Amino acid sequence: MPEYVIFLHPVDGSPRFEADLVDRHCRHLADLAGEGRLIAAGPFQDAQDGGMIAGIFESKDAASSFAAADPFVREGVETAEVRPWLMARPGNGFLGRLPASPGTHPFLLETLRLRATTRRFAAKPIGADLVRALLEAALSAPSEFNLQPWRPIVCNTGPDLLRLQRCCFGQSQIASAGLAVICAVDPAVFHEDAPRAVDELVEHGRWAPGDRENQIAFIRSQYKDVRVSSVLNGAIFGHQLLLAGLSVGLQGFWLGGLDDQLMRGEFGIPERVHVAGVVGLGWPDGLETPLPRRPLEQVVAFGAWNE
559 MPEYVIFLHP VDGSPRFEAD LVDRHCRHLA DLAGEGRLIA AGPFQDAQDG GMIAGIFESK
619 DAASSFAAAD PFVREGVETA EVRPWLMARP GNGFLGRLPA SPGTHPFLLE TLRLRATTRR
679 FAAKPIGADL VRALLEAALS APSEFNLQPW RPIVCNTGPD LLRLQRCCFG QSQIASAGLA
739 VICAVDPAVF HEDAPRAVDE LVEHGRWAPG DRENQIAFIR SQYKDVRVSS VLNGAIFGHQ
799 LLLAGLSVGL QGFWLGGLDD QLMRGEFGIP ERVHVAGVVG LGWPDGLETP LPRRPLEQVV
859 AFGAWNE
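Counting the sequence shown from 1 gives a position; our numbering is that position plus 558.
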């Protein structure tokens, strides 16, 4: 059944929540919870904004009837606004009204399990503001010593996507995506930014003050094989970008099949820079079902390696 969110708005901006009224409201919610149809409920951070109820209903009319029967609405304390519940979309639920923080998205684990490689996309562009938001989210990915060596190259115009497609053996999903990003990493950062990394780690209390030159030398010593480190960092960035897209309803793919030299020439990528792969994102042309996952018991060991 479809999911709807009911926003409850105080009539005069100063909600009057007497104990008996709150008790009746809670019992109204308990009936929905008892049927297994309550997703989430609670006040917004600013009480003057009211609150929300997210639940499973047969139709929007059914959700509206439930909202109209809520004691807060019946007593004229609040008015109800009913909308489809769009998981993880700003403006629909917790992330739209509460400051984002770990634990504020009740469906994150379920959303992660919806990730599926998609190669068929609708002919719908990804807006510039959303592209920027996705990239900023991807750039919050972890990196050793917070060096942030990523230097992604963004392709989100028809000509650029076609250029990239030619560099990836003509794989057609690239040109049909709304956005494709070359996950490039500059290993020069591992050496050049080590002083900045040490100063930040000390300033923010992650490292104790010490011999700065030795601390810088220690960071630099961790990158004997810069290619491996570059690919690892690029893959982390790319995966974060995929999950950022998933959170707003985009689907995508990770692509490793590319002509390295052709790509360098086409996009002016220096020889020192390593490309971990390409991430593509777009609005899906239909729902893609995730491929089967191996059971946890077959791949995970606790405490020691298990053959």
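Idealized CB from N, CA, C, for every residue including glycine.
On a predicted model such as this, the values are computed, not experimentally measured, just so you know.
Buried/exposed call for Gln856, threshold 16 Cβ in 10 Å: Numbered from 1 along the sequence shown, position 298 holds the residue referred to as residue 856. Exposed.
What residues match up with Cys713 in a beta bridge as DSSP calls it? For the purposes of this step, residue 713 is identified with residue 155 of the sequence shown, where counting begins at 1. Note: Cys713 sits in a beta bridge opposite Ala738.
Which residue comes first and which comes last in the beta strand (DSSP E) that contains Leu596? As a position in the sequence shown, residue 596 is number 38, starting the count at 1. Note, Leu596: beta strand (DSSP E), Leu596 to Pro601.
Could you pull out every residue in the same chain whose Cβ sits closer than 7 Å to the Cβ of Glu758, ignoring the five residues on either side in sequence? Translated into positions along the sequence shown, residue 758 becomes position 200. Asn704.
By the 10 Å Cβ neighbour count, where 16 or more other Cβ atoms means buried, how is Thr676 classified, buried or exposed? As a working note, residue 676 is residue 118 in the sequence shown. Under this definition Thr676 is a buried residue.
To which residues of the same chain is Ile611 closer than 6 Å at the C-beta, ignoring the five residues directly before and after it? Looking up residue 611 in the sequence shown gives position 53. Excluding positions up to five away in sequence, the list reads Ile564 and Ala599.
Are at least three pairs of beta-carbons, each pair with one atom in the segment 821-833 and one in the segment 802-809, less than 8 Å apart? no
Assign Ala793 to one of three DSSP states: helix, strand, or coil. Looking up residue 793 in the sequence shown gives position 235. In this structure, Ala793 counts as helix in the three-state DSSP scheme.
Can you tell me whether Glu636 is buried or exposed, with buried defined as 16 or more other CB within 10 angstroms of its CB? The count along the sequence shown starts at 1 and reaches residue 636 at position 78. When all chains shown are included, Glu636 counts as buried.
Spatial neighbours of Ile684 within its chain, please: C-beta separation below 6 Å, excluding the five flanking residues on both sides. As a position in the sequence shown, residue 684 is number 126, starting the count at 1. For Ile684, where only same-chain residues beyond five positions count, the Cβ hits under 6 Å are Gly736 and Leu737.
Whole angstroms are fine: how far does the CA of Phe795 sit from the CA of Pro707? Mapped onto the sequence shown, residue 707 falls at position 149. Mapped onto the sequence shown, residue 795 falls at position 237. Between Pro707 and Phe795, the C-alpha separation is close to 10 Å.
Would you check if the distance between the CB atom of Ala696 and the CB atom of Val739 is smaller than 9 Å? On the sequence shown, position 138 is the one that residue 696 refers to. On the sequence shown, position 181 is the one that residue 739 refers to. Yes.
In angstroms, rounded to a whole number, what distance separates the CA positions of Phe860 and Leu854? Translated into positions along the sequence shown, residue 860 becomes position 302. Translated into positions along the sequence shown, residue 854 becomes position 296. Computed Cα separation, rounded: 11 Å.
For Arg641, report the span of its beta strand (DSSP E) as first-last. By 1-based counting over the sequence shown, the position of residue 641 is 83. Taken as a continuous stretch (DSSP letters only), the beta strand (DSSP E) holding Arg641 covers Glu636 to Pro642.
Using 8 Å for Cβ pairs, my map puts Ser788 next to Pro842. What's the rounded Cβ distance? Stepping through the sequence shown from its first residue, residue 788 is reached at position 230. Stepping through the sequence shown from its first residue, residue 842 is reached at position 284. No, Ser788 and Pro842 are not in contact; Cβ-Cβ is about 31 Å, not under 8 Å.
Skipping 5 residues on each side, what residues in its chain have a beta carbon closer than 6 Å to that of Leu666? Translated into the one-based positions of the sequence shown, residue 666 becomes position 108. So no residue of the chain qualifies.
Rounded to a whole number of angstroms, what is the C-alpha to C-alpha distance between Glu561 and Thr669? For the purposes of this step, residue 561 is identified with residue 3 of the sequence shown, where counting begins at 1. For the purposes of this step, residue 669 is identified with residue 111 of the sequence shown, where counting begins at 1. If I take the Cα positions, the gap works out to 15 Å.
Distance, Cα to Cα, Gly609 vs Val640? Start at 1 with the first residue of the sequence shown, and residue 609 comes out as number 51. Start at 1 with the first residue of the sequence shown, and residue 640 comes out as number 82. If I take the Cα positions, the gap works out to 12 Å.
For Asn791, count the other beta carbons within 10 Å of its own beta carbon; 16 or more makes it buried, fewer makes it exposed. Which is it? Translated into positions along the sequence shown, residue 791 becomes position 233. Counting Cβ neighbours within 10 Å, Asn791 comes out buried, since at least 16 surround it.
Where Pro879 falls: helix, strand or coil (DSSP): Lying before the first or after the last residue shown, residue 879 is absent from the chain, which here runs from 559 to 865.
Sorry if obvious, but does the Cβ on Phe679 come closer than 8 Å to a heavy atom of the ligand SAM? No copy of the ligand SAM occurs in the structure displayed, which carries no ligand at all.
Contact check, Phe748 vs Gln798, beta carbons under 9 Å: Walking along the sequence shown from the start, residue 748 turns up at place 190. Walking along the sequence shown from the start, residue 798 turns up at place 240. No.
If I measure Cβ to Cβ from Arg785 and keep anything under 7 Å in the same chain, skipping five residues before and after, which residues do I get? Your numbering for residue 785 matches position 227 in the sequence shown. Excluding residues within five positions, the ones whose Cβ falls inside 7 Å are His832.
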